[in-house]
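Here's the structure, in structure tokens; my notes come after.
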Amino acid sequence: MDLFFQLLINGIIVGTLYGVVAMCFVLIYKSTQVVNFAQGEFLLIGAWICWSILVQFEIPFVFGFLLTLAFMAALGIFIQMVVLRPMIGEPIISVIMVTIGLSIFMRAFSNWVFGQDTVGYPDVFGTSSVNIGGLQVQPAYLMSFVISLIIMAGFFYFFRYSRHGLAMRATAFNQQVAQSLGISVKQVFAMAWAISAMVSALAGVVVGMVNGVSSALSFIGIKVFPAVILGGLDSIVGAVVGGLIVGVLENMAEYVDGQFLHWGNMLTIAPFWVLIIILVVKPYGLFGTKDIERV
Amino acid sequence: MAHATAETTAPPTPSPGAGESILSVNNIEVVYDDVILVLRGVSLEVPEGDIVTLLGPNGAGKTTTLKAISGLLRTENGEVTRGEVRFMGENIANMSPEQIVRKGIFQVMEGRRIVEDMTVVENLRLGAYTRKDGAAAIKRDLDMVLDYFPRLRERTGLAGYLSGGEQQMLAIGRAMMARPKLILLDEPSMGLAPLLVKEVFGIIRKLNQELGMTTLLVEQNAKMALGAASYGYIMESGKVVMDGSQADLLDNEDVKEFYLGGGGEHRKSFKNLKSYKRRKRWL
Ligand SMILES: Nc1ncnc2c1ncn2[C@@H]1O[C@H](COP(=O)(O)OP(=O)(O)OP(=O)(O)O)[C@@H](O)[C@H]1O
Ligand SMILES: [Mg+2]
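Residue numbers (my numbering), protein chains in the order written: chain A, -16 to 278; chain B, 617 to 899.
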């Protein structure tokens, strides 16, 4: 039973992280209508950049991390302006091909520059685990969980109360309406990519601290698809819930498989089975919206 | 140069009122998709502090005129190809809507176009997006707007669930939040029950009297519009075909027949028979 709870907790912790990356994905989809298949590569690049700054320059973690965020914001804006802006008005499938291409390019680039081996982060936290209610939790895991929650609260505040958050929602609702209010749609698009890249990088750094940095980081981008589709593509709350479901499912599948079934590899694909079932029952996902219709 | 052509080709436009014009549209031509010519020389003046109305049948080009002023034309691949739009002395033709909102012109689009998945207060706060005068001033205006529209104060759900009249009030309130110098209203009466139309027009008049809100009002409901405006223009197929003060237009036999319903015995000469047939469709 202990193992069960241990895996449940793992699932929740990993799930909140998936939730964060899923939010980043939804942020881009909602405000710019681009399905970003390169979301996972933002984690990868972010984690590598931060790692190399820390190792190369031996500066305090905080500064290295801030530099990474600045770099990622610039990268996000660059990609939006140079790669995706010319694609406005092109068919969805072309835009998808472009982001898939982007993902392949970024993965190859990071393999080329940083290699394919897994490297550990300089120790920021001790290794001894913390005991919570009889369960052993690594401090890095705890940190990951806390950071994820802080990011979620930040998103909530941003979209609810900040001027730019409202502008993004208005743009997501209708670009012409947003423009009639004096909002620059170009600026909103760039901001969406910048925020998405920065927050994804943050998630990448967190995972890097827990598991080390390697090309495997970009697989989180793939795990995030069932999460966002479960949640309904255009819902930030749905992304969080979807992420949690995927995280917990994965770990529960591991538990069931390890204890009873011994099929192997069920771990990675369980979320996709559930995805299919949910889409059959609710085609717009759990939280996806159709337009409001007044009755 | 553009101004010179305006002088020579535009029909002489009598000045609407005594006040200084805050907006003057000089003989503009508008083209959509590089080929569809929709406005063929439209000129009009809006004096500061007045309500001016722009009337005309479906497809006359009223909305296009407003979009040429607010810059929203751009979002539909339209362009002002001739003439100029002078706002407080500056030619703003073909500027981006972001720039024009910042200069003080705010268009309330046809069909209200509030952000349906936001609350009333969020919609109102969006109206203040371009303002730089601080949270306190915006909060004060938010309270003021809600005082003008007390019904909105009680609505805490999503704006998409408001009634048509409430949505129109929200759209006007959102425009007020920008503190514009000129507000462009596109068919505020559209789809509203007669009683609500009265209420909305009451508010438009009140805003004009109490806050000095300069308004350019596009309407199909000529009776209501001429009740509120001090000056009016009538457009047909991309041109201004008539203009005059409130009293002149209300008195005019053609206007009575074609735009106010009834009056003027057997007159078919307003423009041609086509507009006579059109009348049933839009009055
Ligand atoms: N985006 C566009 N692209 C091409 N043509 C357009 C576009 N918008 C309007 N038009 C055309 O321009 C003409 C004038 O349209 P406009 O919407 O300005 O008329 P309106 O006077 O506002 O009519 P209504 O009373 O029906 O709102 C119409 O013939 C219309 O088909
Ligand atoms: Mg119109």
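Even for Gly, the Cβ is constructed at its ideal location relative to N, Cα and C.
Treat the numbers as computed from the prediction; the structure is a model and nothing was measured.
Distance between B/GLU645 and B/ILE820, taken at the CA atoms: about 29 Å. Annotation for A/LYS265: no alpha helix (DSSP H) segment contains it, and DSSP assigns it neither H nor E.
If you compare the alpha carbons of A/SER183, A/MET64, A/PRO209 and A/ILE219 with that of A/ALA173, the shortest gap goes to A/MET64.
Counting C-beta pairs closer than 8 Å gives fewer than three between the region 160 to 167 of chain A and the region -10 to 4 of chain A, which falls short of the contact rule. Per the coordinates, the alpha-carbon of A/ASP100 lies some 25 Å from the alpha-carbon of A/VAL45.
In the structure shown, the three-state DSSP call for B/MET734 is coil. Closer than 7 Å to some heavy atom of ligand 2: that does not describe the Cβ of B/GLU770. Here the C-alpha atom of A/ALA184 lies approximately 7 Å from the C-alpha atom of A/MET55. The beta carbon of A/PHE156 falls within 8 Å of a beta carbon belonging to chain B, placing the residue at that interface. A/PHE20 carries a coil assignment under DSSP once its states are collapsed to helix, strand and coil. Residues of chain A whose Cβ lies closer than 9 Å to the Cβ of B/MET760 do not exist, since the nearest Cβ in that chain is about 19 Å away. Annotated three-state conformation of B/THR669 is strand, per DSSP. Judged by DSSP in its simplified three-state form, A/SER131 adopts helix.
In the same chain as B/GLY727, and ignoring 5 residues on each side of it, the C-beta atoms closer than 7 Å to its own belong to MET806, in chain order. Contact check between the region 706 to 713 of chain B and the region 749 to 766 of chain B: fewer than three CB pairs, one atom from each, fall below 8 Å, which does not count as touching. A contact between stretches requires three or more CB pairs, one per stretch, nearer than 8 Å, and the region 25 to 40 of chain A meets this requirement with the region 191 to 200 of chain A. Contact check for B/THR680 and B/GLY848: beta-carbon distance about 18 Å, past the 8 Å limit, so the pair fails to qualify.
Of all residues in the region 812 to 839 of chain B, none places a beta-carbon less than 8 Å from a beta-carbon of chain A. The beta carbon of B/VAL737 does not come within 8 Å of any beta carbon belonging to chain A, so the residue lies off that interface. Taking B/THR830 as reference, the option from B/LEU742, B/VAL857, B/SER779 and B/LEU800 with the minimal CA-CA separation is B/LEU800. About 4 Å separates the CB atoms of A/VAL231 and A/GLY(-6); that is less than 8 Å, so the two are in contact. Contact annotation: A/ALA150 and A/GLY59 have beta-carbon atoms that are not nearer than 8 Å.
Per DSSP, reduced to three states, the secondary structure at A/GLN(-11) is helical.
Judged by the Cβ position, B/GLY694 qualifies as a neighbour of ligand 1 at the 7 Å threshold, a heavy atom of the ligand being closer than this. In the same chain as B/LEU876, and ignoring 5 residues on each side of it, the C-beta atoms closer than 6 Å to its own belong to ALA838 and LYS839, in chain order.
Assigned with DSSP and collapsed to three states, B/LEU876 falls in coil, not helix or strand. For B/GLU726, the shortest separation between its Cβ and any heavy atom of ligand 2 lies below 7 Å. For the region 83 to 98 of chain A, the set of residues with a beta-carbon nearer than 9 Å to any beta-carbon of chain B is empty. Beta-bridge analysis with DSSP links A/ILE(-5) to no other residue. At a cut-off of 3 residues, the continuous stretches assigned as beta strand (DSSP E) that sit fully inside the region 759 to 805 of chain B are 798 to 802. Against B/ARG718, the close residues of chain A are GLY165, in the order they occur along the chain (beta-carbon pairs closer than 9 Å).
For A/SER179, there is no enclosing beta strand (DSSP E); the enclosing alpha helix (DSSP H) has its first and last residue at 168 to 194.
B/THR679 has its CB nearer than 7 Å to a heavy atom of ligand 2. Placement of the Cβ of B/TYR849 at a distance of 7 Å or more from every heavy atom of ligand 1 is found. Using a 10 angstroms sphere on the CB of B/PRO796, the tally of other CB atoms reaches 16 or more, which defines it as buried. Between the region 3 to 18 of chain A and the region 201 to 217 of chain A, the count of Cβ pairs shorter than 8 Å is three or higher; the stretches touch.
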